[in-house]
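Visitor: Numbering (our numbering), first residue to last: 386 to 682. Quick reminder that beta carbons are idealized off the backbone N, C-alpha and C, glycines included. My questions will all concern the structure given below.
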């Protein structure tokens, strides 16, 4: 399989706290991954991959943000000698590029940046494939001597955004499975109202009397029984509470990621702010856990 495959498998499978097993399946997977990456690079460089210059779609924004997040995570992994974590990010980015390519006509600039980034992140472990890919993409010099990938924008709370998106996808899967829905036609997703985000922030800062502290807030008291019930839920989870994204950040993160739900479930995705959703649906939404209603075809 070659040195790149061997290094990728060993560094990707190794954990500081335990040994790893050399498996034919794992080695083959690493080799197939490198072949798939270089094949995509060749297709793009040769013009065999249709592209567009419409880079302002939510799906393009999602990919661009994930490219930046992958750079941050992989860099941290390499610097801490957690090579398995760095390579997981690099492989995840390549997988995402494939999903993006299958879902839509890629924006040329965003897709090329994703490929360059993936190649750069893999270069320390798979230098031969990385150098060949780097040259195929039309770069001058060697990737080993090129500047390390840098985020184009500040990624901020990307970990919370990733959790939000993955939790939402998992919740949709669970609802479809439990309800036995075979043909979802519309998936309605509503983010939590601002007052629940405020209540969560107040609860995090509270001492033992979470309910009393929340209900002492004049604005939250205007929501009456709904606020009291939510305060009780927060009190039960007090030790595990973490700071929320703002409603706008939640909405924007989900808006960029609706294509993943569309791709997975082949359904119309309706994303709503709390004020736009039905009162019943909005009442079920919590910070970090949007309310979901699925309509069957």
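For residue 581, count neighbouring C-beta atoms within 10 Å of its own C-beta (all shown protein chains included) and say buried if the count is 16 or more, exposed if not.
Guide: Residue mapping note: residue 581 aligns to position 196 of the chain shown, counting from 1. Classification of residue 581: buried, given that the 10 Å Cβ count is 16 or more.
Visitor: On the criterion of 16 or more Cβ atoms from any shown chain inside 10 Å, does residue 608 qualify as buried, or is it exposed?
Guide: For the purposes of this step, residue 608 is taken as the residue at position 223 of the chain shown. Its Cβ being crowded by 16 or more others within 10 Å, residue 608 is buried.
Visitor: Taking just the CA atoms, how far does residue 417 sit from residue 386?
Guide: Residue numbering aside, residue 386 sits at position 1 when the chain shown is read from its first letter. Residue numbering aside, residue 417 sits at position 32 when the chain shown is read from its first letter. For residue 386 and residue 417, the distance between alpha carbons rounds to 10 Å.
Visitor: Along the chain, where does the alpha helix (DSSP H) that runs through residue 582 open and close?
Guide: Translated into the one-based positions of the chain shown, residue 582 becomes position 197. Residue 582 -> alpha helix (DSSP H) spans 579–590.
Visitor: By Cβ distance, which residues of its chain are closer than 7 Å to residue 646, with the 5 residues on each side in sequence left out?
Guide: Taking the chain shown and counting its residues from 1, the one referred to as residue 646 is at position 261. Result list for residue 646: 554, 557, 572, 654, in chain order.
Visitor: Check whether the region 467–479 touches the region 648–662, taking contact to mean three or more Cβ pairs, one atom from each stretch, closer than 8 Å.
Guide: The region 467–479 is not in contact with the region 648–662.
Visitor: How big is the Cα-Cα spacing for residue 459 and residue 395?
Guide: Indexing the chain shown from 1 puts residue 459 at position 74. Indexing the chain shown from 1 puts residue 395 at position 10. Their backbone Cα atoms lie some 17 Å apart in a straight line.
Visitor: Just confirm the distance between the C-beta atoms of residue 428 and residue 419, as a whole number of angstroms; I'd bet it's less than 8 Å.
Guide: Indexing the chain shown from 1 puts residue 428 at position 43. Indexing the chain shown from 1 puts residue 419 at position 34. Going by Cβ atoms, the distance from residue 428 to residue 419 rounds to 15 Å, so no, they are not a contact pair.
Visitor: Cα-Cα, which of 513, 455, 588, 489 is closest to residue 506?
Guide: Taking the first residue of the chain shown as 1, we reach residue 506 at position 121. Of the listed residues, the one whose Cα sits closest to residue 506 is 455.
Visitor: Could you tell me which of 657, 625, 517, 620 sits nearest to residue 430, measuring between CA atoms?
Guide: Stepping through the chain shown from its first residue, residue 430 is reached at position 45. The shortest C-alpha separation from residue 430 is found at 517.
Visitor: Could you give the DSSP three-state label for residue 658: helix, strand or coil?
Guide: Here residue 658 corresponds to residue number 273 of the chain shown, with the count starting at 1. Three-state result, residue 658: coil.
Visitor: Could you tell me whether the region 476–489 touches the region 528–536, using the rule of 3 or more Cβ pairs below 8 Å?
Guide: no
Visitor: Identify which residue in 679, 675, 635, 441 has its Cα closest to the Cα of residue 563.
Guide: Within the chain shown, the letter at position 178 stands for residue 563. The option with the nearest alpha carbon to residue 563 is 679.
Visitor: DSSP three-state label for residue 446, please.
Guide: The count along the chain shown starts at 1 and reaches residue 446 at position 61. Looking at residue 446 - three-state DSSP - the assignment turns out to be helix.
Visitor: So is residue 463 buried or exposed if we call it buried at 16+ other beta carbons inside 10 Å?
Guide: Locating residue 463 in the chain shown gives position 78, where the first residue counts as 1. When all chains shown are included, residue 463 counts as buried.
Visitor: Kindly indicate which three-state DSSP category residue 547 falls into: helix, strand or coil?
Guide: Along the chain shown, read from residue 1 onward, the residue named residue 547 stands at position 162. Residue 547 falls in the helix class under three-state DSSP.
Visitor: DSSP three-state label for residue 601, please.
Guide: As a first step, residue 601 must be located in the chain shown, where it is residue number 216. Here residue 601 sits in coil by DSSP.
Visitor: From 523, 409, 472, 550, pick the residue whose C-alpha is nearest to that of residue 676; which is it?
Guide: Looking up residue 676 in the chain shown gives position 291. Closest by alpha carbon: 550.
Visitor: What residue does the beta strand (DSSP E) around residue 569 start on, and which one ends it?
Guide: Residue numbering aside, residue 569 sits at position 184 when the chain shown is read from its first letter. Residue 569 -> beta strand (DSSP E) spans 569–575.
Visitor: Which residues share a DSSP beta bridge with residue 437?
Guide: Stepping through the chain shown from its first residue, residue 437 is reached at position 52. Beta-bridge pairing links residue 437 to 492.
Visitor: Report the rounded CA-to-CA distance for residue 453 versus residue 536, giving the unit in angstroms.
Guide: In the chain shown, counting from the first residue as 1, residue 453 sits at position 68. In the chain shown, counting from the first residue as 1, residue 536 sits at position 151. Going from the Cα of residue 453 to the Cα of residue 536 covers about 4 Å.
Visitor: Excluding sequence positions up to five away, which residues of its chain have a Cβ less than 8 Å from the Cβ of residue 513?
Guide: Locating residue 513 in the chain shown gives position 128, counting from the first residue. These residues qualify, in order along the chain: 387, 388, 389.
Visitor: On a CA-only basis, which of 641, 649, 490, 599 is nearest residue 568? Give me that one, please.
Guide: Residue numbering aside, residue 568 sits at position 183 when the chain shown is read from its first letter. The candidate whose alpha carbon is nearest that of residue 568 is 649.
Visitor: For residue 467, does the three-state DSSP call read helix, strand or coil?
Guide: Within the chain shown, the letter at position 82 stands for residue 467. The answer is coil: DSSP assigns residue 467 none of H, G, I, E or B.
Visitor: Please name the residue or residues paired with residue 671 in a DSSP beta bridge.
Guide: To locate residue 671, count along the chain shown from 1; it is residue 286. Answer by DSSP bridge pairing, in chain order: 674.
Visitor: Any idea what DSSP makes of residue 623, helix, strand or coil?
Guide: The residue you call residue 623 lines up with position 238 of the chain shown. DSSP places residue 623 in helix when its eight states are reduced to three.
Visitor: Residue 425: which of 482, 630, 594, 601 sits nearest, CA to CA?
Guide: Taking the chain shown and counting its residues from 1, one reaches residue 425 at position 40. The option with the nearest alpha carbon to residue 425 is 482.
Visitor: Three or more C-beta pairs under 8 Å: does that hold for the region 439–450 against the region 480–498?
Guide: yes
Visitor: Go ahead and pull the three-state DSSP assignment for residue 561.
Guide: One-based indexing of the chain shown puts residue 561 at position 176. DSSP places residue 561 in helix when its eight states are reduced to three.
Visitor: Consult DSSP for residue 680 and reduce its assignment to one of helix, strand or coil.
Guide: As a first step, residue 680 is located in the chain shown; it is residue number 295 there, counting from the start. Correct three-state label for residue 680: strand.
Visitor: Between which two residues does the alpha helix (DSSP H) containing residue 629 stretch?
Guide: Looking up residue 629 in the chain shown gives position 244. Element bounds for residue 629: n/a, residue is neither H nor E.
Visitor: Among residues of its own chain, excluding the 5 on either side of residue 540, which ones have a beta-carbon nearer than 7 Å to its beta-carbon?
Guide: Working through the chain shown from its first residue, we reach residue 540 at position 155. Here the set comprises 450, 453, 454, 457.
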